[in-house]
Amino acid sequence: MKRVIFVGNIGSGKTTLSQVIHGEDIEYAKTQMVTVWGDDIVDTPGEYLEAGYMKGVLNVTAAEARIIGLVCSAPEPRNKFSPGYGGSFAKDVIGIVTKIDIATPIQIERAEKMLRMAGARKIFKISSYTGEGVPELAEYLAESPEEAAEIISKLKLKNTKVLSESKTSKK
Ligand SMILES: Nc1nc2c(ncn2[C@@H]2O[C@H](COP(=O)(O)OP(=O)(O)OP(=O)(O)O)[C@@H](O)[C@H]2O)c(=O)[nH]1
Ligand SMILES: [Mg+2]
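Per the numbering used here, the sequence shown runs over residues 28 to 198.
Structure (structure tokens):
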């Protein structure tokens, strides 16, 4: 996979998405420091973006990535990047709108507009819970169609599992 760094507010869904792309079980863990998943996803703590004085660390950390993924949770209106923020990285910048499973169309559209203003050239709208939109992102990040197919096949297995679990819990 192309090396990507996820940058976004606290709780925007960076770690969950990293787990989903790597076919791991979703397990909540607060990100305390820069964490590299399988050598290709650089997951950062939301504090680095939110605390102004840590922004420089993000720029240095991003130097080794090929793609900057600006992550924004659609249902959380306080999630914002300043206009042109992505440009400060001088790299390929994409926007990832997360949690579309619990957001209204208006919230999703607002997040998309904000990410475009921040400099995202391409936007992916995803849910790590339902898997919606993740295949499109996987295709973009993969180095080859084969690699994309591998990521997507793990996703499908995962969704089947999530679905069967939710059925059991309703009983
Ligand atoms: N409904 C829904 N919840 C999600 C989704 N993605 C993540 N979450 C939840 O949102 C919460 C925060 O997700 P994280 O992945 O830990 O967020 P983060 O961006 O890594 O946060 P920090 O590590 O604090 O910067 C967790 O409870 C996740 O389960 C999603 O697509 N849909
Ligand atoms: Mg995290």
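We put the beta carbon where it would ideally sit given N, CA and C, even for glycine. No experiment lies behind these values; they were computed from the predicted model shown.
Quick one: grab the DSSP three-state call for residue i.
i: Lys194; result: With a pLDDT of 49 at Lys194, under the threshold of 50, the modelled position of that residue is not reliable, and no figure is offered here.
i: Lys183; result: helix
i: Glu136; result: helix
i: Phe108; result: coil
i: Ser244; result: Outside the displayed span of the chain (28 to 198) sits residue 244, for which this structure offers no information.
i: Thr131; result: coil
i: Val61; result: coil
i: Lys149; result: strand
i: Thr71; result: coil
i: Thr157; result: coil
i: Gly83; result: helix
i: Ile53; result: coil
i: Leu44; result: helix
i: Ser100; result: strand
Of the choices the options, whose alpha-carbon is the least far from that of residue i?
i: Thr33; options: Arg93, Pro172, Ile178, Pro162; result: Residue identity check: residue 33 is Phe in the sequence provided, not Thr. For the residues Arg93, Pro172, Ile178, Pro162, the minimum Cα distance to Phe33 belongs to Arg93.
i: Ile127; options: Ser180, Lys183, Ser154; result: Ser154
i: Pro132; options: Asp52, Ala101, Ser39; result: Ala101
i: Met81; options: Val61, Glu103, Glu166; result: Val61
i: Ser115; options: Ala145, Arg105, Phe151, Lys107; result: Ala145
i: Glu159; options: Pro104, Pro110, Lys183; result: Lys183
i: Lys41; options: Pro104, Met28, Ala56; result: Ala56
i: Arg143; options: Asp119, Pro172, Glu170; result: Asp119
i: Leu85; options: Val31, Thr157, Ser171; result: Val31
i: Glu139; options: Tyr167, Glu103, Glu170, Leu168; result: Glu103
Could you tell me how far apart the beta carbons of residue i and residue j are, in whole angstroms, since I believe they sit closer than 8 angstroms?
i: Asp70; j: Thr88; result: Their Cβ separation, rounded to whole angstroms, is 10 angstroms, which puts Asp70 and Thr88 out of contact at 8 angstroms.
i: Ile20; j: Gly113; result: Only positions 28 to 198 of the chain appear in the structure, and residue 20 is not among them; the question remains open.
i: Leu97; j: Ala147; result: 6 angstroms
i: Asn36; j: Glu77; result: 6 angstroms
i: Trp64; j: Ser39; result: The pair is not a contact, with the Cβ atoms about 16 angstroms apart (cut-off 8 angstroms).
i: Val47; j: Val124; result: Not quite, the Cβ-Cβ distance comes to about 15 angstroms (not below 8 angstroms), so this is no contact.
I want to know whether the region 163 to 180 touches the region 128 to 142 - three or more CB-CB distances under 8 angstroms. Cβ pair count under 8 angstroms is below three, so no.
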